[in-house]
Amino acid sequence: DDKIGKALVQDSRVDLVMLTGATETAKLMQRLRPGIDLIAETGGKNALIVTSLSDRDLAIRDIIHSAFGHAGQKCSACSLAILEQEVYDSPHFRNQLRDAAMSWKVGSAWNLSTKVNPLVHPPEEKLLKGLTTLEEGEEWLLEPKQDSENPNLWSPGIKLGVKPGSFTQQTELFGPVLGLMRADNLAHAIELANGTRYGLTSGIHTLDEREWEHWMQRIEAGNCYINRGITGAIVQRQPFGGCKESSFGQGLKAGGPNYLIELMRLEQIGSPPDQLKTSQTINLLTRQLEMKGLSSDELNRWRDSVASYAHYWKNTFSLDHDPSKLIGQDNILRYVAHKGMVFRIQTDDNVLDIMRVIAAALTAQVELEISSSTPCDDDIADVKWVVETEDAFCDRIKHNQVRRIRLVSPPSERLQKAFTESACNVIAKPVLANGRVELLNYLREVSISFDYHRYGNLGTRENETRAPLPEPKYTQEQPVVTSWNS
Numbered sequence: 229d230d231k232i233g234k235a236l237v238q239d240s241r242v243d244l245v246m247l248t249g250a251t252e253t254a255k256l257m258q259r260l261r262p263g264i265d266l267i268a269e270t271g272g273k274n275a276l277i278v279t280s281l282s283d284r285d286l287a288i289r290d291i292i293h294s295a296f297g298h299a300g301q302k303c304s305a306c307s308l309a310i311l312e313q314e315v316y317d318s319p320h321f322r323n324q325l326r327d328a329a330m331s332w333k334v335g336s337a338w339n340l341s342t343k344v345n346p347l348v349h350p351p352e353e354k355l356l357k358g359l360t361t362l363e364e365g366e367e368w369l370l371e372p373k374q375d376s377e378n379p380n381l382w383s384p385g386i387k388l389g390v391k392p393g394s395f396t397q398q399t400e401l402f403g404p405v406l407g408l409m410r411a412d413n414l415a416h417a418i419e420l421a422n423g424t425r426y427g428l429t430s431g432i433h434t435l436d437e438r439e440w441e442h443w444m445q446r447i448e449a450g451n452c453y454i455n456r457g458i459t460g461a462i463v464q465r466q467p468f469g470g471c472k473e474s475s476f477g478q479g480l481k482a483g484g485p486n487y488l489i490e491l492m493r494l495e496q497i498g499s500p501p502d503q504l505k506t507s508q509t510i511n512l513l514t515r516q517l518e519m520k521g522l523s524s525d526e527l528n529r530w531r532d533s534v535a536s537y538a539h540y541w542k543n544t545f546s547l548d549h550d551p552s553k554l555i556g557q558d559n560i561l562r563y564v565a566h567k568g569m570v571f572r573i574q575t576d577d578n579v580l581d582i583m584r585v586i587a588a589a590l591t592a593q594v595e596l597e598i599s600s601s602t603p604c605d606d607d608i609a610d611v612k613w614v615v616e617t618e619d620a621f622c623d624r625i626k627h628n629q630v631r632r633i634r635l636v637s638p639p640s641e642r643l644q645k646a647f648t649e650s651a652c653n654v655i656a657k658p659v660l661a662n663g664r665v666e667l668l669n670y671l672r673e674v675s676i677s678f679d680y681h682r683y684g685n686l687g688t689r690e691n692e693t694r695a696p697l698p699e700p701k702y703t704q705e706q707p708v709v710t711s712w713n714s
């Protein structure tokens, strides 16, 4: 609602807006200018799960650092600690957690011993409520205190008994307050962590490899951390960005290999050079197209497209990538299918583009739903086809039954209004033959950072080939300094 910001967002000379800020701000921008090309990294309600098989001392250290570093003023900050019942019920764990938070010095940012610094401004309504009130069943493990001389300075607060669906569980509190939740088991803990509208960062502390895998397959977050803190993402190592209402736009991660694609308008000017043999499923689609009377040029574009999709799926998007290869820490970039992806077919969309979207989604192993006003003449495996009017589709959008939409032509005025009112993520751009770009429309990036060492002990991974430690550089005239910049 800033006058200058509003004028900039609404000015047609501005092609694209990039935002790091609140989810509500991103939604406001969409209402100010329907159809705006918006790239937004927004809020988070981030949880760190601690299971009974964790190193609890290490978990406490990482919870405190992630929750109260920068006074909790980070979108990635740990706002919830979800503790398996054995951990939650342990008086020893609670006492250690409280004592660790109390040990952090609260004071001026100019004092180098300060660990919890003042807030940027006095707490606004939501944060003030989080710092001063308890809901039914909640109690203070550590009650936050406001400094008598500085209204911006608050000591850490820790709440016990936070319930599912409560204000503390659902609301982003940009300050030094942490909620503790009790989980029956790991599956329940994941359900609680996923039970918000956000999906920015998440973490787990456990020494059991089976729990790592179970958590990674089910957690809904863009940046995932195992046995470490959940803040402090570094360019390339942990490209940053979330899902759900923590991200608007295509959702490609800042600091990653694909981010600049969102700043480009791409056009296919020739056949993609990298191609691979297609699957049996795609070959069936090819035979269906050959019977539809397409021109030889259109069929060639189809074959080039699906072969490029196959190449980039096998050689890029189906693989885990760890370009840093640090000793003691995995930093993996993984591509996973978007959930709830809907492709809306419009009146002027041509058959070739429609089939290429289907082929790209099937290649990327995405469960695609197609919405169309007319039924499909062909039997297409692994695709759900919904026949509905545009009004019916808009009604589903307004009731939040559709959150991510692929279009290959500009939306109608009615559709655009529905998108704006519901703050959907809409990809409305031409289909490209190059799989390096097109497949990104159906996949989301997940950063996984995993401290696999145990207090410096690499265990069975000691002999792996990783990034070499740099040699210290010095001369006789310089003091000997060994600084490992990793």
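Residue numbers for the sequence shown follow our numbering, so the first one is 229 and each next one is one higher.
For glycine and all other residues, C-beta sits at the position ideal for the given N, C-alpha and C.
Leaving aside the five residues that flank arginine 326 on each side, the residues in its chain whose CB is nearer than 6 Å to its CB run, in chain order, Leu369, Leu370.
With a 10 Å radius around the Cβ and a threshold of 16 neighbouring Cβ atoms, serine 474 comes out buried. Pairing glycine 249 with leucine 512, the inter-Cα distance amounts to about 46 Å. As summarised for the region 462-532, the continuous alpha helix (DSSP H) elements at least 4 residues long and confined to that stretch are 508-518, given in chain order. For serine 552, the closest of Gln516, Ser546, Ile560 by C-alpha to C-alpha distance is Ile560. Approximately 16 Å separates the beta-carbon atoms of serine 507 and aspartate 532; this is outside 8 Å, ruling out the contact. Here the alpha carbons of glutamate 366 and isoleucine 264 stand approximately 42 Å from one another. Three or more Cβ pairs closer than 8 Å define a contact, and the region 301-311 meets that threshold against the region 265-279. Between glycine 300 and phenylalanine 468, the C-beta spacing is not below 8 Å. Looking at Asp605, Ile573, Asp610, the one whose alpha-carbon comes closest to that of glutamate 616 is Ile573. Secondary structure at tyrosine 563: strand, using DSSP grouped into helix, strand and coil.
In the three-state reduction of the DSSP assignment, alanine 299 falls in the helix class, which pools H, G and I.
In this structure, DSSP gives phenylalanine 571 an extended state, which the three-state scheme calls strand.
Under DSSP, isoleucine 655 shares a beta bridge with Arg634.
For the set Lys354, Pro346, Ile386, the Cα lying nearest the Cα of serine 376 is the one of Pro346. Rounded to whole angstroms, the Cβ separation of lysine 505 and alanine 538 is 7 Å, and the two are in contact under 8 Å. Judged by DSSP in its simplified three-state form, valine 315 adopts helix.
Close CB contacts of alanine 656 within its chain, under the 7 Å cut and outside five residues either way in sequence, are with Leu635, Pro638, Pro639 (chain order).
Within its own chain, the residues whose Cβ lies closer than 6 Å to the Cβ of threonine 251, once the five positions on either side in sequence are excluded, are Thr270, Gly271, Glu473, listed in chain order.
Distances from the CA of valine 630 to each of Ile598, Gly385, Ile608 were compared; the closest alpha carbon is that of Ile598. Around the beta-carbon of valine 463, fewer than 16 other beta-carbon atoms lie within 10 Å, marking it exposed. For histidine 293, the number of other beta carbons within 10 angstroms of its own is at least 16, and it is reported as buried.
DSSP lists Leu596 as the bridge partner or partners of valine 611.
For secondary structure counted as the beta strand (DSSP E) over 3 or more consecutive residues, the region 670-707 holds these complete runs in sequence order: 671-679. By the neighbour-count criterion, in which a residue is buried when 16 or more other Cβ atoms sit within 10 angstroms of its Cβ, methionine 569 is buried. In this structure, glycine 470 sits near glycine 427, with a CB-CB distance shorter than 8 Å. Tryptophan 440 carries a helical assignment under DSSP once its states are collapsed to helix, strand and coil.
Bounds of the alpha helix (DSSP H) holding alanine 620 are 618-626.
When only Cα atoms are considered, isoleucine 288 and threonine 399 end up about 23 Å apart. Phenylalanine 395 is positioned such that its CB atom lies no closer than 8 Å to that of glutamine 557. Only buried fits tryptophan 382, as 16 or more other CB atoms lie within 10 angstroms of its CB.
Taking C-beta separations shorter than 8 Å and ignoring five residues to either side along the sequence, the partners of tyrosine 670 in its chain run Ala565, His566, Met569, Ala588, Ala589, Ala592, Val594, Leu596, Arg634, following chain order. Judged by their CB atoms, tryptophan 613 and cysteine 622 are not nearer to each other than the 8 Å cut-off. Residue burial annotation: methionine 257 is buried, with at least 16 other C-beta atoms found within 10 angstroms of its C-beta. In this structure tyrosine 683 is exposed. Its beta-carbon is surrounded by fewer than 16 other beta-carbon atoms within 10 angstroms. Rounded to whole angstroms, the Cβ separation of glycine 407 and glutamine 397 is 6 Å, and the two are in contact under 8 Å.
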